[in-house]
Amino acid sequence: MKIGILTSGGDTPGMNAVIWGVFKRASQLGHELYGIRDGWKGLMENDILKLDYDMVKDILPIGGTILGSSRTNPFKREDGVEKIKKTIETNGFDAVIAIGGDDTLGVARKLYDLGLPFVGVPKTIDNDLDATDYTFGFNTAVTIATEALDRLTTTAKSHHRTIVVEIMGRHAGWITLYAGIAGGAHAILIPELPMPMEKVAEIIKKRYESGERWALVAVSEGFEFVEENPDDNEIEKDEFGHVRLEKRGVAQRVAEYLNKKAGIETRHVVLGHVQRGGSPTAYDRVLSVRFGILATELVNNREFGYFPSLQGTKIIKRPLKDAVDHLKVVDEDHIKIAKIIMGIE
Ligand code: F6P
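Take the sequence shown: its position 145, counting from 1, is numbered 826 in this note's numbering, and each next residue is one higher.
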């Protein structure tokens, strides 16, 4: 079989490990693998390269994606679907493996519904796909954010300051919550638990009143203050309609409030894309390779319209429609932990 493979959406540590796993299994099963550059863009523009052993032999531990990525939505481009059909036909692809988050898997599902042979692989550092227990990249992002919190602890303590750390997570606060717990943050602000700015100040003030003169606030880029109603129309969006959250400057706003209104000396840090860069953790590498192997076996069995999903300790196949049905936001059990840490439960 001739198999195409693409990586789309925000790059995620572990994407290369998936490609490595796919290559390994595909070669054993006698299939050829073709890389598609820059996600859906490359599939529309017939930007293809044949992958050989030398190209993939060392990529397992390397971050990013050797294929490149983009946030291109073919359903928003003129003749996008027609162009994709033509590329698949011209190259004689028997299947295409699309590695991506809910947007990418949503596109793969629509193309599959139109009769095209797609298999998905779920990825996102945000861990907000409901159809798998964990996505690869999440563990790496949490590890990086936790290390940042550890480092900021010593400087916050030395200067008797509060430091507000902005952590990625578009719709869900998983990275902020996990890193916030692991890194010992005193306030954990996530989209699933909106609160007024005064409440945040109260939590930090209470800590200072207890005798401690420093604090760490972990805030998710998607966190909302209850009294605010930002006008999304004025904020830049990508082709999938997502607001560019880093432009909202949520950490800066918390820090300004604490400085000016609460009289607490505060600095802020935006971790940004540092959380997506560099090598995946061992956990993410293993998950990625396992996903890659099952995706290849699905292709080998001509079981299109599915993706590999982690359920407990097993990797099972699930239909692509499950990947786009629900977002996995932080649940009540985890919200309770955040509240206990903040002393508001
Ligand atoms: O979806 C993954 C993610 O890293 C989000 O956490 C973040 O909001 C977004 O991507 C950033 O997107 P971009 O890399 O396009 O700025």
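Here a beta-carbon is modelled for each residue, glycine too, at the ideal position from N, C-alpha and C.
Note on geometry: alpha-carbon atoms of V800 and E946 lie some 51 Å from one another.
In this structure, DSSP gives Y987 an extended state, which the three-state scheme calls strand. Under the three-state reduction of DSSP, F704 is assigned to helix. The C-alpha of A868 lies about 8 Å from the C-alpha of G861. Look at the beta carbons and you see the segment 725-732 not touching the segment 1000-1018: under three pairs across the two are nearer than 8 Å.
For V777, the enclosing beta strand (DSSP E) starts and ends at A776 to G781. Restricting attention to A1019, V823 and L975, the CA atom closest to the CA of P961 is found in V823.
Annotation for A882: no beta strand (DSSP E) segment contains it, though the alpha helix (DSSP H) segment containing it runs M878 to E890. Linking D965 to V846 through their CA atoms gives a straight-line distance of about 24 Å.
A distance below 6 Å between beta-carbons, with the five flanking residues on each side excluded, links N981 to the following residues of its chain, in chain order: L710.
Membership of Y815 in any beta strand (DSSP E) is not indicated, and neither H nor E is assigned to it by DSSP. Annotated three-state conformation of T835 is helix, per DSSP. Around G1024, the same chain offers I884 and K887 as residues with beta carbons nearer than 8 Å, after the five sequence neighbours per side are excluded. Under a 10 Å Cβ-count criterion, V777 is classified as buried, with 16 or more other Cβ atoms of the shown protein chains found around its own Cβ. The Cβ atoms of G685 and Y734 do not sit closer than 8 Å to each other. If you check the C-beta of I806 against the ligand F6P, you find a heavy atom less than 7 Å away. Q992 has K995 as its beta-bridge partners, per DSSP.
Per DSSP, G691 lies in no beta strand (DSSP E) and is assigned neither H nor E. Put simply, the backbone Cα of F756 is about 50 Å away from that of G944. With contact defined as three or more Cβ pairs closer than 8 Å, the segment 889-899 and the segment 802-810 are not in contact. Under the criterion of beta carbons closer than 8 Å, L786 and V967 do not qualify as touching, at roughly 21 Å. Straight-line spacing of the CA atoms in T768 and V1011 works out to 40 Å. Rounded to whole angstroms, the gap between the alpha carbons of K941 and L870 is 20 Å. For S969, the enclosing alpha helix (DSSP H) starts and ends at A963 to N981.
For A853 against L991, the beta-carbon gap comes to about 17 Å, at or over 8 Å, which does not count as contact. Taking the CA atoms as reference points, H954 sits about 33 Å from P798.
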